[in-house]
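*Asks:* Protein chains in written order, with the working numbering: chain P, 1 to 280; chain Y, 1001 to 1280. Even for Gly, the Cβ is constructed at its ideal location relative to N, Cα and C.
Protein chains: 2
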Amino acid sequence: MTLDKTWYTEKWQGQGAAISLRVTDKIHDEQTDYQRIEIYETESFGRLMTLDGLVMVTDRDNFIYHEMMTHPAILTHPNPKKVLIIGGGDCGALKEVLKHKNIVRVDQVELDAGVTRAAEKFFPALCTSNNDTRANLVFDDGIKWIQKSAAASYDLIIIDSTDPVGPAAGLFEHGFYRACFAALTDEGLLIAQSESPLFHDALINSMRQDMNKSGFETLSTLLFPQCTYPSGWWSATLASKGSLNQPRTCDVDTLYYSSGIHESAQVLPPFLKRKLEQKI
Amino acid sequence: MTLDKTWYTEKWQGQGAAISLRVTDKIHDEQTDYQRIEIYETESFGRLMTLDGLVMVTDRDNFIYHEMMTHPAILTHPNPKKVLIIGGGDCGALKEVLKHKNIVRVDQVELDAGVTRAAEKFFPALCTSNNDTRANLVFDDGIKWIQKSAAASYDLIIIDSTDPVGPAAGLFEHGFYRACFAALTDEGLLIAQSESPLFHDALINSMRQDMNKSGFETLSTLLFPQCTYPSGWWSATLASKGSLNQPRTCDVDTLYYSSGIHESAQVLPPFLKRKLEQKI
C-alpha cells in the first residue's frame, strides 16, 4: 500500500522506517533564517508542527514529552527557583515548568523566534503561560547564552532541543555541558532530551559520558512513549552535580507524570543498561 | 514527501497514522484459508511478517512483546507447570515460556498452521523451541479448544492474538474469558495482549471489565514500547482469580524483561488510570 499526497511522512533517518499522519489542511509554511516551519491540521492528531520536515509537536501526544522533560527534574531539585530552557520554542515545556509555584524565573532561550510565534498562533494551549511575569522569552543562540551566563545562576537547565544535527548539534557536546555545569548552583540539575532508546542507544551513551566528563556525578536516563517521535519510544537524561534526591510529591495537574511514573521511567531494560554501561 | 514502492506501509486503523518500513525484498506471499501471509526483508528491521497487511513480527523489536507477554505472568504464578498459548503462531512467546524449567507442558493452539510453517522457515530464531518435548503445537480454533478443555487444566493461559477483528474478535469477549476462567487452576493466571494505551484505551477498559465479569478478581495492565505496533506503545493485561503474588526472581536470560521492568510496566499514567477506572 502506498500513501497518497494527503499524508505527511517523516522518514526516521538511518532507520529504514517512517511515520505518516493524515493531513486535512496545511495552515502555515514559513522559511525562517534557521529552518522551514510547516503546520498542518491532521485527521487524528490535532495540529502538527514540523521543522525542516521533522515532527516537532502534535496536539495529541505532546503532553508526554513536555511533562517528562520538566516535572522529574523540577521535583528532584529540593527547591528550584531559577530555570533555563534552551530551545523549547513551542512553549510546552515552559507551561509545565510554570505550573510549579516555587519557580520565580524562567529564561527560555530559543534560537528561532518564528517557532514561538507560530506556536502562539497555532498551538495556543501550549502558550498559556507565555505572558506569565516569571517567563523571560529570549531569542538567541543557547550556546552563546550559556557561555555568558554567570556562575551558579540557575537551579535547573532544560535542553529541549531538536535532533543533534544542524544548529542543535552543539547542544549534545561536552563543551556545552561543561558550560551548563558552571552555570548551575551546587544542587543544580540538567535534563536533556536524549532521543530514542531503541534507535539511538549509542548517542545516549555518548551524551552520558560527556555529561560525566563535564563534572556531573549522577545520571539517570528516563524512558517514555512518544508516538510521533522516531521508534515511538523516547528518553530524557537527567544529570546532577551530586547524588539524586528522592523526588518531592507532585502537586500540579498532569496527564502522564506521577511519582510512580517517575520512578518507573528510570528503570532501564537489560539490553539498554548493558549498552549504557559500555565505555566509549 | 511520499514513499515509493520500496516501502511497506501499515495504516493504523482509524488513527489517521501509519508506519512504514523500507523493504529490500519480498520473500514470501501466501494466501492461507485464514489470511494472507507476507514476509519481507527490510533495510533495518530484519525480516517482517505481515498478516492481511498488518505487522505481526519483525526481527528487530519482537523481543519486547514476546518477553512481556510471558515472563510477567510466569513469574507471578508460584509454580506454573501447564501453559496454554492461544494464537502465538510465530512461536516467539513459546520460546520465552520454555526458557523456564518448571514448565512441563505448553499447548499452543494457533488457528493457522501457515503462520507457524512460515515462522519456522523465515524466523528460525523464534522457533528454536518448537521441537522441545514439552511443546505441543496444535492447529485449531482457540475458542473451541478452550470450550472443550477440562476444568482446572492450565496454570497459565496466554492470549497472543491478532487485533480484535475477524477470526480473533472472539478472543476479546466475555464468553471466552469465562471459558478461560474455568480451564484455569485456582492459582491460575490469564494474560492477553490488549493493544495500544494511546489508541485503544476504551478497548482495554472493556477487556478488563469483561475479565472481571468472568470471575477474575485482580487485573493488572502492563505497558511497554513496541515500535512497529500502532502508536509504538503496547499493553498486555494480566488477570488473576485471586490477588496477584509478588513476582518470583527471573533466572532466565532476557533483553527487555527484569523484575524492575515488571514492576514499572504496571504503573499507569494518570490519564490512563482515570480511563480504566470508568465503568462502561
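Measure the alpha-carbon distance for P:Arg47 versus Y:Ala1169 and round it to whole angstroms.
*Replies:* To locate residue 47 of chain P, count along the first sequence from 1; it is residue 47. To locate residue 1169 of chain Y, count along the second sequence from 1; it is residue 169. So the alpha carbons of these two residues sit roughly 33 Å apart.
*Asks:* In chain P, what lies closer than 7 Å to Y:Lys1005 by C-beta?
*Replies:* Locating residue 1005 of chain Y in the second sequence gives position 5, where the first residue counts as 1. Simply Thr2.
*Asks:* Quick one: Cα of P:Pro230 to Cα of Y:Ile1085, how far?
*Replies:* Position 230 of the first sequence, counting from 1, holds the residue named residue 230 of chain P. Position 85 of the second sequence, counting from 1, holds the residue named residue 1085 of chain Y. Rounded to the nearest angstrom, the two C-alpha atoms are 32 Å apart.
*Asks:* Relative to the C-alpha of P:Arg178, which candidate in P:Thr162, P:Phe199, P:Ser161 and P:Met207 has its C-alpha closest?
*Replies:* In the first sequence, counting from the first residue as 1, residue 178 of chain P sits at position 178. Here the closest residue by C-alpha is P:Met207.
*Asks:* Are the beta-carbon atoms of Y:Val1057 and Y:Gly1014 separated by less than 8 Å?
*Replies:* What you label residue 1057 of chain Y is simply residue 57 of the second sequence in a count that begins at 1. What you label residue 1014 of chain Y is simply residue 14 of the second sequence in a count that begins at 1. Contact: no.
*Asks:* If you count every other CB in all the chains shown that lies within 10 Å of the CB of P:Ala254, and 16 or more means buried, which is it?
*Replies:* By one-based count along the first sequence, residue 254 of chain P stands at place 254. Note that residue 254 of chain P is Thr in the sequence shown, not Ala. Classification for P:Thr254: buried.
*Asks:* Strictly below 7 Å CB to CB, what residues from chain Y border P:Val267?
*Replies:* Taking the first sequence and counting its residues from 1, the one referred to as residue 267 of chain P is at position 267. Neighbours of P:Val267 across chain Y, judged by C-beta separation under 7 Å: Gly1260, Ile1261 and Ser1264.
*Asks:* Closer than 9 Å between beta carbons: that is the criterion. Which residues of the stretch 196 to 220 of chain P meet it against chain Y?
*Replies:* Ser196, Pro197, Leu198 and Phe199
*Asks:* Beta-carbon separation of P:Gln226 and P:Asp61 under 8 Å?
*Replies:* As a position in the first sequence, residue 226 of chain P is number 226, starting the count at 1. As a position in the first sequence, residue 61 of chain P is number 61, starting the count at 1. Yes, the pair counts as a contact, with Cβ atoms nearer than the cut-off.
*Asks:* What are the uninterrupted segments assigned as beta strand (DSSP E) that are 3 or more residues long and contained completely in the stretch 192 to 275 of chain P, given in chain order?
*Replies:* 218 to 225 and 233 to 240
*Asks:* Given this structure, state the Cα-to-Cα distance separating P:Ser87 from P:Ala113, to the nearest angstrom.
*Replies:* For the purposes of this step, residue 87 of chain P is identified with residue 87 of the first sequence, where counting begins at 1. For the purposes of this step, residue 113 of chain P is identified with residue 113 of the first sequence, where counting begins at 1. Checking the sequence shown, residue 87 of chain P turns out to be Gly, not Ser. Cα to Cα, the separation comes out at about 10 Å.
*Asks:* Excluding the five sequence neighbours on either side, which residues of its own chain have a C-beta within less than 7 Å of the C-beta of Y:Thr1070, listed in chain order?
*Replies:* The residue labelled residue 1070 of chain Y in the question sits at position 70 within the second sequence. So the list reads Ala1093, Glu1096, Val1097 and Ile1158, once near-sequence residues are dropped.
*Asks:* Cutting at 7 Å between CB atoms, please list the residues of its own chain near P:Glu41, excluding the five before and the five after it.
*Replies:* The residue given as residue 41 of chain P occupies position 41 in the first sequence. Close CB contacts of P:Glu41 within its chain, under the 7 Å cut and outside five residues either way in sequence, are with Val23, Thr24, Asp25, Ile27 and Arg47 (chain order).
*Asks:* Would DSSP call P:Tyr65 helix, strand or coil?
*Replies:* Taking the first sequence and counting its residues from 1, one reaches residue 65 of chain P at position 65. Looking at P:Tyr65 - three-state DSSP - the assignment turns out to be helix.
*Asks:* For P:Glu217, which residues in the same chain have their Cβ closer than 8 Å to its Cβ, ignoring the five residues on either side in sequence?
*Replies:* To locate residue 217 of chain P, count along the first sequence from 1; it is residue 217. These residues qualify, in order along the chain: Ser240, Lys241, Gly242 and Ser243.
*Asks:* Could you work out which residues of chain Y lie near P:Ser231, taking near to mean beta carbons separated by less than 7 Å?
*Replies:* Here residue 231 of chain P refers to the residue found at position 231 when the first sequence is read from its first residue. Ordered by position in chain Y, the residues that pass the 7 Å Cβ test against P:Ser231 are Cys1227 and Gly1232.
*Asks:* Which runs of the beta strand (DSSP E), 3 residues or longer, sit entirely within the stretch 26 to 76 of chain P?
*Replies:* 36 to 42, 47 to 51 and 54 to 58
*Asks:* Would you please state the rounded distance, in angstroms, between the beta carbons of Y:Val1115 and Y:Asp1090? I believe it to be under 8 Å.
*Replies:* The residue labelled residue 1115 of chain Y in the question sits at position 115 within the second sequence. The residue labelled residue 1090 of chain Y in the question sits at position 90 within the second sequence. Their Cβ separation, rounded to whole angstroms, is 6 Å, which keeps Y:Val1115 and Y:Asp1090 in contact under 8 Å.
*Asks:* Given Y:Asn1130, which residues of its chain have a CB within under 6 Å of its CB, disregarding the five upstream and five downstream residues?
*Replies:* For the purposes of this step, residue 1130 of chain Y is taken as the residue at position 130 of the second sequence. Excluding positions up to five away in sequence, the list reads Cys1091.
*Asks:* List the residues of chain P that Y:Thr1254 touches, going by C-beta distances under 7 Å, in chain order.
*Replies:* Stepping through the second sequence from its first residue, residue 1254 of chain Y is reached at position 254. By Cβ distance, chain P contributes Pro270.
*Asks:* Can you tell me where the beta strand (DSSP E) with Y:Gln1108 in it begins and where it stops?
*Replies:* Position 108 of the second sequence, counted from the start, is the residue given in the question as residue 1108 of chain Y. Start and end: Arg1105 to Glu1110.
*Asks:* Which value, in whole angstroms, describes the spacing of the CA atoms of P:Gly232 and Y:Gly1232?
*Replies:* Taking the first sequence and counting its residues from 1, one reaches residue 232 of chain P at position 232. Taking the second sequence and counting its residues from 1, one reaches residue 1232 of chain Y at position 232. When only Cα atoms are considered, P:Gly232 and Y:Gly1232 end up about 4 Å apart.
*Asks:* Return the CA-CA distance between Y:Val1104 and Y:Lys1082, expressed in angstroms with no decimal places.
*Replies:* By one-based count along the second sequence, residue 1104 of chain Y stands at place 104. By one-based count along the second sequence, residue 1082 of chain Y stands at place 82. Linking Y:Val1104 to Y:Lys1082 through their CA atoms gives a straight-line distance of about 6 Å.
*Asks:* Candidates Y:Ala1017, Y:Leu1051, Y:Trp1012 and Y:Gly1016: which alpha carbon is nearest Y:Glu1030's?
*Replies:* Counting from 1 along the second sequence, the entry for residue 1030 of chain Y is found at position 30. That would be Y:Leu1051, whose Cα lies nearest to the Cα of Y:Glu1030.
*Asks:* Give me the residue from Y:Glu1187, Y:Phe1172 and Y:Asp1163 with the minimum Cα distance to Y:Ala1152.
*Replies:* Stepping through the second sequence from its first residue, residue 1152 of chain Y is reached at position 152. It is Y:Glu1187.
*Asks:* In the DSSP assignment, find the beta strand (DSSP E) that holds P:Ala135 and state where it starts and stops.
*Replies:* Sequence index remark: in the first sequence, residue 135 of chain P carries index 135 (1-based). From DSSP, the beta strand (DSSP E) with P:Ala135 extends over Ala135 to Phe139.
*Asks:* Check the Cβ-Cβ distances between P:Asp25 and every residue of chain Y, and say whether any is below 8 Å.
*Replies:* Locating residue 25 of chain P in the first sequence gives position 25, counting from the first residue. So, not an interface residue.
*Asks:* As a quick exercise: from P:Gln209, P:Phe172 and P:Thr133, pick the residue whose alpha carbon is nearest that of P:Glu195.
*Replies:* By 1-based counting over the first sequence, the position of residue 195 of chain P is 195. Cα-wise, what sits closest to P:Glu195 is P:Phe172.
*Asks:* Can the beta-carbon of P:Gly18 be found less than 8 Å from the beta-carbon of Y:Trp1234?
*Replies:* In the first sequence, counting from the first residue as 1, residue 18 of chain P sits at position 18. In the second sequence, counting from the first residue as 1, residue 1234 of chain Y sits at position 234. Note that residue 18 of chain P is Ala in the sequence shown, not Gly. For P:Ala18 and Y:Trp1234, no; Cβs fall outside 8 Å.
*Asks:* Strictly below 8 Å CB to CB, what residues from chain Y border P:Gln15?
*Replies:* For this step, residue 15 of chain P is matched to residue 15 along the first sequence. Those are Ser1044, listed as they occur along chain Y.
*Asks:* Please go through the same chain and pick out, in chain order, the residues whose beta-carbon is closer than 7 Å to the beta-carbon of P:Ser258, but skip the five residues on each side of it.
*Replies:* Residue mapping note: residue 258 of chain P aligns to position 258 of the first sequence, counting from 1. Contacts found: Cys250.
*Asks:* Quick one: what's got a C-beta closer than 7 Å to P:Tyr65's C-beta in the same chain, skipping five residues either side?
*Replies:* The residue you call residue 65 of chain P lines up with position 65 of the first sequence. Correct list, in chain order: Gln226 and Trp234.
*Asks:* Please list the segments of the alpha helix (DSSP H) lying wholly inside the stretch 1082 to 1106 of chain Y, counting only runs of 4 or more residues, in order along the chain.
*Replies:* 1092 to 1097
*Asks:* Going by beta carbon distance, what residues of the same chain come within less than 7 Å of P:Leu198, once the five residues before and after it are set aside?
*Replies:* On the first sequence, position 198 is the one that residue 198 of chain P refers to. Ser231 and Trp233, listed in sequence order.
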